[in-house]
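Numbering (the UniProt record's numbering), first residue to last: 1 to 177.
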């Protein structure tokens, strides 16, 4: 059985903090790669190289690649899913994620272009009042994908592997109301 492929595309992100948080989410939710366009992110990092100090232990295996066009990075068998407040988009709560997906997100201060939306296999939005932060949007989408997947994510071994080394707490019993 072919392994699913999950990629994230960021259209001209401006905040290194957001990109760092996206990378952490990518590591946490087993994303294969993250791509970005534009020069705002590299320019911001050049001005302050200490900014992108993210939790690399979580995302060190996820490449972050600057590209000219996000759509040029779509591989065979991968569906393009735009995440955008767009008329006629599907609410994330009703969306069934494809096996292999390239999720595209607009910049913090803008939207994906109409030409990208027109090339999408699906366009989804997260039903909220107002816009969410870019990194928060990526986290919510990836969590939704995980929850709806057929993989079993609930296990004691996952908790032991994922938690901080200083966290050794256990649930010993809950109060009865």
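Glycine included, C-beta positions come from ideal geometry on N, C-alpha and C.
Check	Outcome
Excluding sequence positions up to five away, which residues of its chain have a Cβ less than 7 Å from the Cβ of residue 89?	123, 124 and 125
By how many angstroms is the C-alpha of residue 77 removed from the C-alpha of residue 169?	43 Å
Going by DSSP, what residue range makes up the alpha helix (DSSP H) through residue 79?	Run containing residue 79: none in the alpha helix (DSSP H); it sits in the beta strand (DSSP E), 79-83.
Between which two residues does the beta strand (DSSP E) containing residue 7 stretch?	6-10
For residue 68, I'd like the list of residues in its chain whose CB is within less than 8 Å of its CB, leaving aside the five on either flank, ordered along the chain.	37
Here's the rule I'm using: 16 or more other beta-carbon atoms within 10 Å means buried, otherwise exposed. How should residue 9 be labelled?	buried
To the nearest angstrom, how far is the alpha carbon of residue 92 from that of residue 74?	21 Å
Measuring only the C-alpha atoms, how far is residue 134 from residue 18?	7 Å
Tell me the residue span of the beta strand (DSSP E) that contains residue 101.	101-105
Output the boundary residues of the alpha helix (DSSP H) element that contains residue 112.	First-last for residue 112: undefined, no H or E at that position.
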